[in-house]
Every structure is written in C-alpha cells, then in structure tokens.
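Protein chains in written order, with the numbering used here: chain A, 1 to 151; chain B, 1 to 151.
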C-alpha cells in the first residue's frame, strides 16, 4: 500500500490563488458560482495588506484543502483569530487532514498571542459540529448574523 | 424644552478608554464582570495597530454610546466591516442615537470600499432585530458559533 505524504504549509502571495480556486470549487458545488463577486486580485491584496492569512494542505505535492483566517478582537477577551474558511476536497476527507489543518490554525492563534479562536458552522452540519466538539470547542447557538451587502 | 446636541466622532487613541468603560459597564449589568479578561492597554494597542476602529456618540459633550468594528474578509464577497460592539447607555436610548451610530458605521464601511457589513445579534433581542430589519439587513439564523478560549 502506497504511503501518502501530507504537508501543511503557510500561505504565501504565490499560493493565495489555490485558496480562491477552492472557494470557487465549493461555490460551484453549492450551485452558487454567481454569488462569488470577489476576485483573486482582492484575495492577494488582502493577503499582502496582512488582512488575511491561512494554511494549505497538500497530499503528495497537490493542494487538497485550506484554512483562511484573520485577526479580530473580542471586547471581553481581546485578540481572536477567526476561521473564515476551512475546506478539504471531498475525496481527501476522513484522512486526518482536517485535524492537521485545525491544529495548525490553533497553533498559529497561540503564536499570535490570541486569547481565543472563533468560527461559524451551519446548524445542520453534524459531522463538522462533532469534529469541533471533539476539539473541545464551545458551540453557541443563540446568535443570529446580520448582514447588508453593498455590491 | 432644552435642545440636546448629539455628535458622532471617530475613535482616537485618547478616546479608546471610553469604549472599554462601556464594555465594563455592560458586563457589570450582565453580572459578568469577571468574564472581561482583556485590558484597556490591549484595546489601545489593537487600535494603534489598526486592528480595531469605532465611533463614539456624545450628548451635550458626554459620551453615551459607541460602535467598535474591524475589517474582515468574506471569501465570496471580499472586504467586510464587522460590527463587534454597538452600545448606548440605557437612559439615552430611543433618541435616534443608535441610528446615527449605525449610519456612521455604514458610511465608514463604504468609505473603506467594503463589499458588505456583518454583525451578530442575540436571537431573543427583538428590539435590536427590528432595528436591523428596518435598516434592510438580512438576518441569517442557521449559523452557530464555535469558540475555544486559551485564557
């Protein structure tokens, strides 16, 4: 049986487009490609300005998943590294890659002296919720999201 | 009848402590003062690093409310100004100050070329939800928050 090599690497300006491709891939899968109105140039600009950062997971040299995060601020706790996106291509799930990506995210948050990490999960996504609970996360169910789109 | 003067001003390093005081005030009101583990120094540092920004509302020269926000990034829409905190002292509510603060926040988001704004509201907070709906906000109810505290 072939042994695969899994690697987790930090995002660079050169690899930002892979994250954008994963976002498009998921949007197509969800039949909402038109809902993605941002561009890869905006991703690169946000990365270069220090607004976003992330990790990529590779299997035998090919990227198969990612996390995208940025620093926010909790009025009660202080700095908070927020996980905006967490994606693994379907054929590479259940191999432990999600745990490696999540561990790298937690490590990064601690290295940046964040007091906490936060993210959102859809209420019907039981496998994801179980994964987070296994990682000792608190799941808060009483908040709704307000949004206004300008574009 | 005395006419009051209401002003909305941008946050400065000198006025950041007023926002911290509002946060403590609310935490005491909610009987959770010990849950606030951050410090005014962390607020000032976050402001000086460009991580947080906000507005203060004053009535006849006294601060009575605030917003606290920061830039985040939506993978589908691009830059998003996130409203972390929005507070008005109880005796100054229903005077239209909330609308002035919210308008200033929306204006700021547009000036920063954000594609959207986002925030959270507790599911039982009907007056706040009505306020946001009056402002043509979308209220998403299907997301849960995941969190891990380090401190």
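By construction, the Cβ of each residue, glycine as well, lies at the ideal position given by its N, Cα and C atoms.
Under the DSSP assignment, residue 121 of chain B falls outside any alpha helix (DSSP H), being part of the beta strand (DSSP E) whose first and last residues are 116-122. At a cut-off of 7 angstroms between beta carbons, residue 42 of chain B contacts chain A. Neighbours of residue 78 of chain B in chain A, taken as residues whose beta carbon is under 9 angstroms from its own, are 37, 38, 39, 42, 43, 46, 151 in chain order. Within the region 84-145 of chain A, the complete alpha helix (DSSP H) segments at least 4 residues long are 97-111, 126-134, listed from N- to C-terminus. When DSSP states are grouped into helix, strand and coil, residue 74 of chain B belongs to the strand group. Around the beta carbon of residue 134 of chain B, fewer than 16 other beta carbons sit within 10 angstroms, so the residue counts as exposed. Taken through DSSP and simplified to helix, strand or coil, residue 13 of chain B comes out as coil.
Chain order gives the chain B residues near residue 122 of chain A as 142, 143, where near means a beta carbon separation below 7 angstroms. Apart from the 5 residues on each side of it in sequence, residue 19 of chain B sits with its Cβ closer than 8 angstroms to the Cβ of 11, 43, 54, 56, 66, 68, 85 in its chain, given in chain order. One Cα belongs to residue 59 of chain A, the other to residue 6 of chain A, and the distance between them is close to 5 angstroms. Per the Cβ contact rule, the region 123-139 of chain A is not in contact with the region 106-118 of chain B (fewer than 3 Cβ pairs under 8 angstroms). Taking 8 angstroms as the cut-off between beta carbons, the residues of the region 101-132 of chain A near chain B are 106, 109, 110, 114, 115, 116, 117, 118, 119, 120, 121, 122, 123, 124, 129, 132, in sequence order. The alpha-carbon of residue 41 of chain B is positioned some 20 angstroms away from that of residue 32 of chain B. Scanning chain B for C-beta atoms nearer than 9 angstroms to the C-beta of residue 138 of chain A yields 145, 146, 147, 148, 149, reported in chain order. Around the beta-carbon of residue 61 of chain B, fewer than 16 other beta-carbon atoms lie within 10 Å, marking it exposed. Interface with chain B (7 angstroms Cβ-Cβ cutoff): residue 24 of chain A is excluded.
For residue 23 of chain B and residue 75 of chain A, the gap between their C-alpha atoms comes out near 7 angstroms. When rounded, the separation of the alpha-carbon atoms in residue 102 of chain B and residue 87 of chain B is 11 angstroms. By the neighbour-count criterion, in which 16 or more other beta carbons inside 10 Å mark a residue as buried, residue 98 of chain A falls on the buried side.
Minimum Cα-Cα distance from residue 119 of chain B among the listed residues A:28, A:38, A:146, A:100 corresponds to A:146. Judged by DSSP secondary structure, residue 45 of chain B falls within the alpha helix (DSSP H) whose first and last residues are 40-48. The contact set of residue 84 of chain B on chain A, defined by CB atoms closer than 8 angstroms, consists of 72, 73, 74, 75 in chain order. In the three-state reduction of the DSSP assignment, residue 53 of chain A falls in the strand class, which pools E and B. Sixteen is the threshold: when 16 or more other Cβ atoms of the shown chains lie within 10 Å of the Cβ of residue 83 of chain B, as they do, the residue is buried. C-alpha of residue 114 of chain A to C-alpha of residue 100 of chain A: approximately 19 angstroms in a straight line.
The three-state reading of DSSP puts residue 63 of chain A in strand, counting E and B together.
Inclusion of residue 72 of chain B and residue 70 of chain A in the CB contact set at 7 angstroms is warranted, their separation being smaller than that value.
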